[in-house]
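Engineer:
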């Protein structure tokens with residue numbers, strides 16, 4: 001698991017802890033698996049999930065408001081550089097600050113790991 005380029009093995013689990021599965025709307029325990037439909041029937045596939053809700057409540061959220069489209073269109077003639085972003089496969093593109101990596105750590109039976117790229121569900125990117 002440490003060979004993945006967006007994770008690294010963490011030696012000190014300062015912020016991490018093993019949490020039970022979250023409770024659903026009816027108080028039932030949710031399992032972390034997704035059922036996918038295939039041409040030959042149902043396939044059960046497991047989905048990795050980390051609950052970052054407590055960490056997100058104490059995280060400062062930077063605001064990057066989008067400009068108005070009218071402003072963008074009127075300023076096209078004055079533009080020297082134009083670019084576009086391909087978000088088709090934009091998973092794990094933002095780096096996590098080195099001092100904040102341990103805050104998003106999680107514990108597995110194989111050890112403690114931390115994201116070095118921004119995972120889904122974590123705010124502040």
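Numbering (my numbering), first residue to last: 1 to 125.
A virtual CB, placed ideally from N, CA and C, is assigned to each residue, including glycine.
1) Would you verify that the beta carbon of residue 121 is, or is not, closer than 9 Å to some beta carbon of chain C?
2) Per DSSP, residue 7 forms a beta bridge with which residues?
3) Looking at the structure shown, is residue 104 part of a helix, part of a strand, or coil, going by DSSP?
4) Identify the continuous alpha helix (DSSP H) that holds residue 123 and give its terminal residues.
5) If the criterion is Cβ atoms closer than 9 Å, does the pair residue 124 and residue 59 meet it?
6) Can you tell me whether residue 71 is buried or exposed, with buried defined as 16 or more other CB within 10 angstroms of its CB?
7) Please report the distance separating the alpha-carbon of residue 118 from that of residue 54.
Structural biologist: So, to answer that:
1) Absent from the structure: chain C. Only one protein chain is present.
2) In the chain shown, counting from the first residue as 1, residue 7 sits at position 7. Looking at the DSSP assignment, residue 7 forms a beta bridge with 115.
3) Walking along the chain shown from the start, residue 104 turns up at place 104. Residue 104: helix per DSSP, three-state reduction.
4) One-based indexing of the chain shown puts residue 123 at position 123. Counting along the chain, residue 123 falls outside any alpha helix (DSSP H), and DSSP gives it neither H nor E.
5) Sequence index remark: in the chain shown, residue 124 carries index 124 (1-based). Sequence index remark: in the chain shown, residue 59 carries index 59 (1-based). Yes, they are a contact pair.
6) The residue you call residue 71 lines up with position 71 of the chain shown. By the neighbour-count rule (16 or more Cβ atoms within 10 Å), residue 71 is not buried but exposed.
7) Walking along the chain shown from the start, residue 118 turns up at place 118. Walking along the chain shown from the start, residue 54 turns up at place 54. Roughly 16 Å between the two C-alpha positions.
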